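Data block below; observations after.
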Amino acid sequence: MKNFAQLVVLVFTSFCFAQQNFGNQAGKKEVKKGLISFETFTAENGDVSYGFRMDGLIVGPNMILHTDGKTTYVNYNKDHQKDGTLVEMNKQQGTIELYTYRKDQKDGPAFKIANGNVEWKKQFANDKEDPNGYKAKVTDYGYGQNSNGFNGFNVEKYDNGSYAVGYFLFSKRSFPAIQVWKNGEQYMGQHIQGLRKEFGVYFYEDGSKYVGFWHKNYKEGLGFKIDKNGNIIEKGYYEDNVIKTPL
């Protein structure tokens, strides 16, 4: 895990599961109707939120900069509830936490990295830790009844010098996971059948990042990009890895 610790540092220096109900996400239809806007909002406690709004309420991919130094990346469904992978990073403490949310509750696998080491891995149900631990659903995400492969938490290394830490279904990245490449780039979030899909955050080598939706490793859906200085440089609806409808 030594190399993992070194590469995680690059992310911090760049800036500071019941499964997700993806059918209830704001997307192209809402964008075309002009229902989605991008806003910056400062809460009474000083936390600053960057992200999308619909009906005046938070929706879709959002980033929250907390006054205590934490940064949260989270997606909200059309009912304005946390839904899917939530990533919380604490630069001062050197920690990364990934949770699975459904309808504003922790519901699924989660884990925490502290200074490059796995500090804990848990399963939640209805916002409470499940004492029975991780449970794989073999029919999720089109896997069918094929029960071959490893299910659960793992660290996996690849021939191209990258590796992943997180949850796997049938030996493929499927649940909240972190993938790290040799050049220091990282992805934190949802995978399906080993590919980046639905909500996640990609940290680029130049210090910029993309916060938003994916489909088969391509940026697809609502999202926004941030440069290394924390400026929003692009926001809107993406298709085939490029922004098609700026907001």
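Residue numbers for the sequence shown, in mature numbering (1 follows the signal peptide of the UniProt record, and there is no 0): -18 to -1, 1 to 229. We put the beta carbon where it would ideally sit given N, CA and C, even for glycine. Every value quoted in this text rests on a predicted model; they were computed, and no experiment measured them.
From the options, residue whose alpha carbon lies closest to that of residue i
i, options, result
"Gly182", "Asp37, Gly5, Val56", "Val56"
"Gly204", "Glu187, Lys210, Thr227, Lys198", "The sequence given here has Leu at residue 204, not Gly. Ranking Glu187, Lys210, Thr227, Lys198 by Cα distance to Leu204 puts Thr227 first."
"Asp29", "Met36, Asp109, Pro91, Met45", "Met45"
"Val41", "Asn27, Asp188, Gly66", "Gly66"
"Tyr76", "Arg84, Thr82, Lys94, Asp89", "For the sequence presented, residue 76 should be read as Gly rather than Tyr. Ranking the options by Cα distance to Gly76, first place goes to Lys94."
"Lys217", "Tyr58, Pro43, Gly90", "Pro43"
"Leu151", "Lys15, Lys210, Lys14, Pro91", "Pro91"
"Asp89", "Tyr58, Ala107, Asn211", "Ala107"
Anticipated Cβ contact below 8 Å, residue i with residue j, distance rounded
i, j, result
"Lys164", "Asn142", "7 Å"
"Gly115", "Gln105", "5 Å"
"Ala8", "Lys60", "5 Å"
"residue 230", "Lys198", "The first residue shown for the chain is -18 and the last is 229, placing residue 230 beyond what the model contains."
"Val137", "Tyr145", "7 Å"
Residue i to residue j span [Cα, whole Å]
i, j, result
"Gly166", "Val147", "15 Å"
"Phe195", "Pro113", "31 Å"
"Thr53", "Ile215", "18 Å"
"Ile160", "Leu17", "32 Å"
"Val100", "Phe135", "11 Å"
"Ile208", "Ser190", "5 Å"
"Tyr140", "Val162", "10 Å"
"Tyr123", "Phe185", "Because the pLDDT of Tyr123 is 49, which lies under 50, any placement of that residue in the model is unreliable, and the number read from its coordinates should be weighed accordingly. Roughly 25 Å between the two C-alpha positions."
"Ser156", "Gln175", "6 Å"
"Asn213", "Phe206", "11 Å"
"Gln87", "Val193", "21 Å"
"Gly5", "Phe34", "18 Å"
"Asp188", "Gln168", "12 Å"
"Lys154", "Lys117", "15 Å"
"Asn51", "Asn130", "At residue 51 the sequence reads Gly, which differs from the Asn that was named. Each residue's alpha carbon lies about 42 Å from the other."
"Glu79", "Glu111", "15 Å"
"Met170", "Thr82", "12 Å"
"His48", "Gln172", "23 Å"
"Ser31", "Lys85", "20 Å"
"Ser109", "Lys11", "The sequence shown places Asp at residue 109, rather than the Ser named in the question. For Asp109 and Lys11, the distance between alpha carbons rounds to 31 Å."
Exposure of residue i, with buried meaning 16 or more beta-carbon neighbours within 10 Å
i, result
"Ser19", "exposed"
"Ala25", "exposed"
"Thr22", "exposed"
"Tyr219", "buried"
"Gln74", "exposed"
"Lys64", "buried"
"Leu39", "exposed"
"residue 231", "Residue coverage of the chain in this structure runs from -18 to 229, which leaves residue 231 outside it and unanswerable."
"Lys37", "Going by the sequence as given, residue 37 is Asp instead of Lys. Exposed, because fewer than 16 other Cβ atoms sit within 10 Å of the Cβ of Asp37."
"Asp222", "exposed"
"Ser(-5)", "Confidence at Ser(-5) is low in this model, with a pLDDT of 38, below 50, so its placement is unreliable and the value that follows should be read with caution. When all chains shown are included, Ser(-5) counts as buried."
"Val13", "buried"
Residue i in three-state terms, based on DSSP
i, result
"Lys14", "helix"
"Asn142", "coil"
"Gly194", "strand"
"Asn165", "coil"
"Gly5", "helix"
"Tyr219", "strand"
"Tyr116", "coil"
"residue 234", "Absent from the structure is residue 234, since the part of the chain shown begins at -18 and ends at 229."
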